[in-house]
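From first to last, the protein sequence lines stand for chains A and C. Residues in the first sequence are numbered from 1 upward in steps of one, following this note's numbering. Residues in the second sequence are numbered from 266 upward in steps of one, following this note's numbering. Ideal Cβ placement from N, Cα and C applies to all residues, glycine included. Comments concern the structure below.
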Amino acid sequence: MHVIVCIKQVPDSTNVRINPETNTLMREGVESILNPFDEYALEEGLRLRDAGARLSVVSMGPPQAAAILREALARGADAAYLLSDRAFAGADTLATGYAISCAIRKIDPSPDLVLFGKQAIDGDTAQVGPGVAEMLGIPLLAYIRELSAGEDGSFTATVSTDDGEETVEGKFPAVMTVLKEAHAPRFAPLAGAMAARRAKVTVWSAADVGADPARCGLNGSPTKVVRIFPPPSKGGALRVDAREDADAAAAEILRLVKEKGILPQ
Amino acid sequence: MSDAKKTPVETDVLIVGAGPAGMAAAIALRRSAPEGAKPRVVVLDKGRSPGSHVLSGAIIDPSGFEGLLSPEEIGKLPVEAHVCKESFRMLFGPRKSLKVPWVPPLMHSRGFPVGSLTKIAAYLCSIAEKEGAEIYTGYAVTELIEENGRIVGARTGEKGVGKDGKPKSNHLPQEEIRAAVTVLAEGGCGILTGKLAEAKGLGGVRRQTYALAIKELIEVPAGTQTAGEVMHTFGYPSADGTYGGGFVYHVSETQVMAGYVYSLDYRRPETDPHLLFRRFKASAAVQKHIAGGKTAAYGAKVIPEGGYYSALKPYFPGCVIVGDAAGLLDSLRIKGVHIALQSGRAAARAILAELKDGRGLETYPELLERTRGWKEIKRVRNVRASFRHGTIPGIIGAGMAWATCGAFPFWRLRGFEKPDSAEMEPLKPGAIEKEAAGAPPASPLSPDRLTDVFMSGTIHDEDQPCHLKILDPAKCAECRGRYGAPCTRFCPAEVYRLEEGRLQIDFSNCLHCKTCKIKCPLENIDWTFPQGGDGPRYTRM
Ligand SMILES: Cc1cc2nc3c(=O)[nH]c(=O)nc-3n(C[C@H](O)[C@H](O)[C@H](O)COP(=O)(O)OP(=O)(O)OC[C@H]3O[C@@H](n4cnc5c(N)ncnc54)[C@H](O)[C@@H]3O)c2cc1C
Numbered sequence: 001m002h003v004i005v006c007i008k009q010v011p012d013s014t015n016v017r018i019n020p021e022t023n024t025l026m027r028e029g030v031e032s033i034l035n036p037f038d039e040y041a042l043e044e045g046l047r048l049r050d051a052g053a054r055l056s057v058v059s060m061g062p063p064q065a066a067a068i069l070r071e072a073l074a075r076g077a078d079a080a081y082l083l084s085d086r087a088f089a090g091a092d093t094l095a096t097g098y099a100i101s102c103a104i105r106k107i108d109p110s111p112d113l114v115l116f117g118k119q120a121i122d123g124d125t126a127q128v129g130p131g132v133a134e135m136l137g138i139p140l141l142a143y144i145r146e147l148s149a150g151e152d153g154s155f156t157a158t159v160s161t162d163d164g165e166e167t168v169e170g171k172f173p174a175v176m177t178v179l180k181e182a183h184a185p186r187f188a189p190l191a192g193a194m195a196a197r198r199a200k201v202t203v204w205s206a207a208d209v210g211a212d213p214a215r216c217g218l219n220g221s222p223t224k225v226v227r228i229f230p231p232p233s234k235g236g237a238l239r240v241d242a243r244e245d246a247d248a249a250a251a252e253i254l255r256l257v258k259e260k261g262i263l264p265q
Numbered sequence: 266m267s268d269a270k271k272t273p274v275e276t277d278v279l280i281v282g283a284g285p286a287g288m289a290a291a292i293a294l295r296r297s298a299p300e301g302a303k304p305r306v307v308v309l310d311k312g313r314s315p316g317s318h319v320l321s322g323a324i325i326d327p328s329g330f331e332g333l334l335s336p337e338e339i340g341k342l343p344v345e346a347h348v349c350k351e352s353f354r355m356l357f358g359p360r361k362s363l364k365v366p367w368v369p370p371l372m373h374s375r376g377f378p379v380g381s382l383t384k385i386a387a388y389l390c391s392i393a394e395k396e397g398a399e400i401y402t403g404y405a406v407t408e409l410i411e412e413n414g415r416i417v418g419a420r421t422g423e424k425g426v427g428k429d430g431k432p433k434s435n436h437l438p439q440e441e442i443r444a445a446v447t448v449l450a451e452g453g454c455g456i457l458t459g460k461l462a463e464a465k466g467l468g469g470v471r472r473q474t475y476a477l478a479i480k481e482l483i484e485v486p487a488g489t490q491t492a493g494e495v496m497h498t499f500g501y502p503s504a505d506g507t508y509g510g511g512f513v514y515h516v517s518e519t520q521v522m523a524g525y526v527y528s529l530d531y532r533r534p535e536t537d538p539h540l541l542f543r544r545f546k547a548s549a550a551v552q553k554h555i556a557g558g559k560t561a562a563y564g565a566k567v568i569p570e571g572g573y574y575s576a577l578k579p580y581f582p583g584c585v586i587v588g589d590a591a592g593l594l595d596s597l598r599i600k601g602v603h604i605a606l607q608s609g610r611a612a613a614r615a616i617l618a619e620l621k622d623g624r625g626l627e628t629y630p631e632l633l634e635r636t637r638g639w640k641e642i643k644r645v646r647n648v649r650a651s652f653r654h655g656t657i658p659g660i661i662g663a664g665m666a667w668a669t670c671g672a673f674p675f676w677r678l679r680g681f682e683k684p685d686s687a688e689m690e691p692l693k694p695g696a697i698e699k700e701a702a703g704a705p706p707a708s709p710l711s712p713d714r715l716t717d718v719f720m721s722g723t724i725h726d727e728d729q730p731c732h733l734k735i736l737d738p739a740k741c742a743e744c745r746g747r748y749g750a751p752c753t754r755f756c757p758a759e760v761y762r763l764e765e766g767r768l769q770i771d772f773s774n775c776l777h778c779k780t781c782k783i784k785c786p787l788e789n790i791d792w793t794f795p796q797g798g799d800g801p802r803y804t805r806m
């Protein structure tokens, strides 16, 4: 079995601030991290690898993005590929999905399972995984929280939906996007980090993966960003101070909730 | 890779801590060794990324970089300003202050780079990596391994242990690293260093004494301030003669580092260093530098202030101690970076000899004594103790020490027979309320403690055992009666709270400064390592 996990390097949003004058991200002092949702996709991949699968990881980004691929290698991935080329710059979700699907085809024309995190925290679109499924012509299962693979190429997955949970049985190949409710990500052992330091990260250009330049980067992106702005704060929040008297505060909250009609009288 | 876990990693040199001291050792080891005989150098740091746990002022005496970095590399240091205007001010109260008309040239730092040590440490890491040293962040080293009277390596901390103490699904066991030489570069109040020094009698003539330093990065409007201007203050808000002082460094036109350093041998249990810091910022002399600004980052750390007489014997078979961990700091100027760098280089020389011939490590203390930094420490050896007798004798002592190149006073001043923890007097009724009265109101320029903690970026996985261990809960009750639970005030991260009379420990707020370990009057708090990678996330401190 061959599992391919797609991961992305993102700015650590816990530190991101927006310049109120220019409405742009203030990058000073912001670190780059492995997209938190992808941690869970990687963990599902590593679990399948523990059970005998082969695990490859792919990312698209600037050369520095190799850092997250090394982290994946340190945790146990077998091979890492980085799509890095100016031609990919400015890609929207469609062009990103296209580039990644080209890379996946080159790594393995018939992978058993391709995993993504639910979404990336910098764009929050959750579109690349489904896009790749479409381009590869592989069935998609979005928002899984649990996955187990059978011996015979079958799987059982639990999917979270708006109004509950579904248990889905099926056969690989599949593309899946993984929720944070899945297994807790593992840590890289020091010995793994040392091995990963020497391991190879294969870097591919658009030409290397046979991508059509017209479908890459800005050229291949029908979405144009017109404006970026922080949502205006709505204000009007009510604060109940519970430091002095928690019981009185609770009673006050209950009263407010009823008054605003949030709870039936 | 799972089988690799069981066989220990082997390296020539293991460096614990990727601050300036550790990185200088790493760079010098790789650079001075002949081609073909470069030692394997492994550096481990508990911070998430290079520099995450490094916090300083910092005005840096550039002598530390000489001979370590190339002129081109020195030119590329990530600093935006050099000191162009320097003043010393005695504060008499919130409004009144006086510029000190003359200070000894020794104190001057005109022309020195001033900037964030977090960034500089990360820069040194990148140079060391290029030289072939291996730096792994997010790994706490929690134990030294001793065999036959020699340190032969260390173990990393476990990860993925639940708050019930049981392994979680992602449990990562301890790993062992075997090293011909282990370098302790843990910074002030290093945990492994402290244990080794205690067990092997490596302590100095006097006990170490510490100061807590609290600091913010403040963003000020462009066009209002001058990059490179710096101010040092003493006096107010320290009222009772406790050694303390503040600093305001304009590291760029729009960024100011404002910090307050307060000695932990203070006596009054009602003391709240964070509040002192806020009073300092609210004083007229400081407001001139930060008005209209907004706090953008926060952090705290302890400084080993004891100087010459408190420095450790920095050698044990298989192991050397460098930088703040060994207490190598000029306590007159509160400058340690250049000495940390010089001690790292001196250690590298001894280590290379050891690796070649199996001996030579024991020459490190001698090599250290030949560094400029050590000579400075020796010159000001009595300064810190002078301040024990109040600010005025301190200033006189410091001035005389300078004027006589350290010869005065000719005898060794008394002081520091007791640890900082023992310097606490019983709480007087009403003292806490009196201390807190008239606190500056909270504002973007004067955040309360918790708002500040948020800006340090500190975070700990909350599903792990609390790393701050109360040794005997009964003693906490005793302390509450006698001292009024000073941990709830001295902790700059509001880790300790009284909840219905019980001590509540919010360990996730911890900034790893170790004040609680140093100052708990009953020595009832043990600081153990949380999961590697947890803790502050400084990016520009
Ligand atoms: C507010 C403040 C202002 C200062 N101002 C100045 C100044 O203006 N000029 C000046 O020269 N000096 C100044 N100093 C002093 C200076 O910062 C220190 O002397 C210097 O940082 C010491 O370097 P170091 O490498 O010894 O330790 P540190 O910089 O403390 O680095 C130690 C590193 O070791 C890591 N570590 C510790 N224990 C372990 C472990 N067991 N396992 C893994 N990792 C570990 C820590 O996470 C940290 O990254 C100031 C200090 C403070 C706090």
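Assign residue i to one of three DSSP states: helix, strand, or coil.
i: C/R415; result: strand
i: C/P538; result: helix
i: C/T736; result: Correcting the residue identity first, residue 736 of chain C is Leu in this sequence and not Thr. Coil, per DSSP.
i: A/N19; result: coil
i: C/A576; result: coil
i: A/D12; result: coil
i: C/C584; result: strand
i: C/H515; result: strand
i: C/I770; result: strand
i: A/D266; result: Only positions 1 to 265 of chain A appear in the structure, and residue 266 of chain A is not among them; the question remains open.
i: C/S267; result: Any answer about C/S267 is weak, because its pLDDT of 43 lies below 50 and its placement is not dependable; what the coordinates show is given next. Coil, per DSSP.
i: C/D222; result: In the structure as shown, chain C begins at 266 and stops at 806. Residue 222 of chain C is therefore absent and cannot be evaluated.
i: C/V365; result: coil
i: C/S651; result: helix
i: A/T106; result: The identity of residue 106 of chain A in the sequence shown is Lys, whereas the question assumes Thr. Here A/K106 sits in helix by DSSP.
Go ahead and label residue i buried or exposed: buried means 16 or more other beta carbons lie within 10 angstroms of its beta carbon, across all protein chains shown.
i: C/R339; result: Contrary to the premise, residue 339 of chain C reads as Ile rather than Arg in this sequence. Exposed is the call here.
i: C/G430; result: exposed
i: A/T156; result: exposed
i: A/V257; result: exposed
i: C/G609; result: buried
i: C/F719; result: exposed
i: A/Y143; result: buried
i: C/V307; result: buried
i: C/L736; result: exposed
i: C/G414; result: exposed
i: C/K361; result: exposed
i: A/V226; result: exposed
What residues from chain C crowd round residue i, counting only those whose CB sits closer than 8 Å?
i: A/H183; result: S434 and N435
i: A/R197; result: E399
Could you tell me which chain A residues have their CB closer than 7 Å to the CB of residue i, listed as they occur along the chain?
i: C/E440; result: P189, L190 and A191
Residue i touches chain A at which residues, Cβ-Cβ below 9 Å?
i: C/T507; result: Those within 9 Å of C/T507 in chain A number zero; the least Cβ separation is about 30 Å.
i: C/Y404; result: L190 and A193
Using a C-beta to C-beta distance shorter than 8 Å, which residues of chain A count as neighbours of residue i?
i: C/R274; result: Before going further, note that residue 274 of chain C is Val rather than Arg in the sequence given. The answer, in chain order, is L190, A191 and M194.
Going along the stretch 415-438 of chain C in order, which residues come within less than 7 Å of chain A, judged by CB to CB distance? T421, K424, G425, K433, S434, N435 and L437
Could you list the residues in the stretch 167-195 of chain A with a C-beta less than 7 Å from some C-beta on chain C, going in chain order? H183, A184, P185, R186, F187, P189, L190, A191, G192, A193, M194 and A195
Using a Cβ-Cβ cutoff of 8 Å, what residues of the stretch 341-374 of chain C are near chain A? List them in chain order. Listed by position, the residues of the stretch 341-374 of chain C near chain A (Cβ gap below 8 Å) amount to none.
If you measure beta-carbon to beta-carbon, which residues of the stretch 379-393 of chain C are closer than 8 Å to chain A? none
So if I threshold CB-CB distances at 7 Å, which residues from the stretch 313-329 of chain C count as touching chain A? Going along the stretch 313-329 of chain C in chain order, one finds S314 with a Cβ nearer than 7 Å to chain A.
Selection of the stretch 702-732 of chain C by Cβ proximity to chain A, strictly under 7 Å: Here the close residues are G722.
Interface positions of the stretch 747-764 of chain C facing chain A (Cβ-Cβ less than 7 Å), listed along the chain: none
Members of the stretch 475-489 of chain C that neighbour chain A once the beta carbon cut-off is set at 8 Å: Per Cβ criterion, the list is empty.
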